[in-house]
């Protein structure tokens, strides 16, 4: 067992968006997931069942279904993103406790997501967190190459002049923390609350014991509050 990295030296806090800054059990992503399936079914003219298999295969192999559809079928990113993010954000409720916890962290706070800026803005507005982040690095900024592609993290670090050895990253997928950990980041995996029913693929729940995961938590607000109290 290796000793997990600490937070005493951190000056940049990097957060994923979906299923990280809001609880998994809200299942907002289920709406996006359904819209993706509809898009795949319509574009490829296949049944919903076949589209579902293609969707999940591309998600696992390419990082996002969008990347798979672009690579394999010539889909335009703008068309895809506009369709799949037409969802009802009302299940999200303001989270002033998280906002206060984020505000107490010393340093910059950035979002690194495979989604779009438009989706990020809507989520942060509903959560009441819009004023707590200094910048957003989305799938367009990543030149349509999603996490966990190594070049995506390098683009992010270069664009925002982030020193990975002085940064912490919060994610809900362990595989998206492997490269950040290799680069020197302190990594935190945000997992579903065991008392709440959530919809996740088996592989999405893997990696909790991986060496590239420094911390595993199910209460982001509480964890951040503790970090702020020690800073």
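Residue numbers (my numbering): 76 to 306.
The C-beta atom is built at its ideal place from N, Cα and C for all residues, glycine as well.
Worksheet item: Excluding five sequence neighbours on each side, which residues of the same chain lie with their C-beta closer than 8 Å to the C-beta of residue 173?
Response: If you ignore the 5 residues before and after residue 173, its C-beta comes within less than 8 Å of the C-beta of 96, 202, 204, 295, 296, 299, all in its own chain and listed in chain order.
Worksheet item: Between 208, 176, 219, 266, which lies nearest to residue 89 when the distance is taken from Cα to Cα?
Response: 208
Discussion item. For residue 167, tell me which candidate among 183, 199, 146 has the shortest Cα-Cα distance.
Written reply: 199
Worksheet item: Looking at residue 87 and residue 241, is the spacing between their C-beta atoms short of 8 Å?
Response: yes
Discussion item. Let's see if you can read the secondary structure: which residues bound the alpha helix (DSSP H) around residue 184?
Written reply: Taken as a continuous stretch (DSSP letters only), residue 184 belongs to no alpha helix (DSSP H), being part of the beta strand (DSSP E) at 183-187.
Discussion item. Counting beta carbon pairs with one atom in the region 100-120 and one in the region 154-164, are three or more of them shorter than 8 Å?
Written reply: Yes, since at least three Cβ pairs between the region 154-164 and the region 100-120 fall closer than 8 Å, the two stretches touch.
Discussion item. If I measure Cβ to Cβ from residue 250 and keep anything under 7 Å in the same chain, skipping five residues before and after, which residues do I get?
Written reply: 223, 282
Worksheet entry | Sequence-distant residues of the same chain with beta carbon closer than 6 Å to residue 194, five excluded per side | Once the five neighbours on either side are set aside, the close Cβ partners of residue 194 are 160.
Fill in: Integer-rounded CB distance, given that residue 211 should sit under 8 Å from residue 31
Here the chain covers residues 76 to 306 and nothing more, so residue 31 does not appear.
Worksheet item: Are the Cβ atoms of residue 118 and residue 150 separated by less than 8 Å?
Response: yes
Worksheet item: Nearest-angstrom Cα distance between residue 171 and residue 98?
Response: 14 Å
Worksheet item: In or out: residue 130 buried (at least 16 other Cβ within 10 Å) or exposed?
Response: With at least 16 other beta carbons inside 10 angstroms of its own, residue 130 counts as buried.
Discussion item. Among the candidates 124, 122, 152, 135, whose CA atom is the shortest distance from the CA of residue 217?
Written reply: 152
Fill in: Buried or exposed by the 16-neighbour rule on C-beta atoms within 10 Å, applied to residue 125
exposed
Worksheet item: In terms of residues, what are the limits of the beta strand (DSSP E) holding residue 291?
Response: 290-292
Fill in: Limits of the beta strand (DSSP E) - the one that residue 192 falls within
First-last for residue 192: 192-202, but that is the alpha helix (DSSP H), not the beta strand (DSSP E).
Worksheet entry | Local conformation of residue 224 per DSSP, three classes | coil
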